[in-house]
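Residue numbers (UniProt numbering): 1 to 109.
So, in structure tokens, the structure goes:
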């Protein structure tokens, strides 16, 4: 299991765009909460900064931060931003997810 997370350039550009409009730092926090249709769900927020125990990954000047508890569930993942006819959203490609759901924001291990 890899303790790395990757933010794609497309996701980094979107975070920077959102952060600029909200006058916040370009820092995306990914966390995992219980719930959703498959047991866990991803949560994205802009953060003011990283906590001392957060894992930090950086792409094109944009930081992706994850707390240690969530990292156990998402390590090795790639966070992307995808646009389709159905809309635009951040998507997590999680190699640990044994099950997913149609909405793409929920997973099981």
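Even for Gly, the Cβ is constructed at its ideal location relative to N, Cα and C.
Within 10 Å of its beta-carbon, does residue i have 16 or more other beta-carbons around it, so buried, or fewer, so exposed?
| i | result |
| --- | --- |
| residue 24 | exposed |
| residue 1 | Residue confidence for residue 1 is low, a pLDDT of 44 falling below 50, so the modelled location carries little weight and cannot support an answer. |
| residue 14 | buried |
| residue 26 | buried |
| residue 88 | exposed |
| residue 35 | exposed |
| residue 70 | buried |
| residue 28 | buried |
For a quick check, are the C-beta atoms of residue i and residue j less than 9 Å apart?
| i | j | result |
| --- | --- | --- |
| residue 40 | residue 33 | yes |
| residue 74 | residue 92 | yes |
| residue 115 | residue 11 | The structure shown does not extend to residue 115, since the chain spans only 1 to 109, so no value can be given for it. |
| residue 54 | residue 67 | yes |
| residue 8 | residue 80 | yes |
| residue 82 | residue 6 | no |
So the alpha helix (DSSP H) residue i belongs to, where does it begin and stop?
| i | result |
| --- | --- |
| residue 45 | Segment 40 to 46 is the beta strand (DSSP E) holding residue 45; no alpha helix (DSSP H) there. |
| residue 20 | 9 to 21 |
| residue 70 | 68 to 74 |
Following the continuous beta strand (DSSP E) through residue i, name the residue where it begins and the one where it ends.
| i | result |
| --- | --- |
| residue 84 | 78 to 84 |
| residue 88 | 87 to 93 |
| residue 34 | 27 to 34 |
| residue 58 | 55 to 59 |
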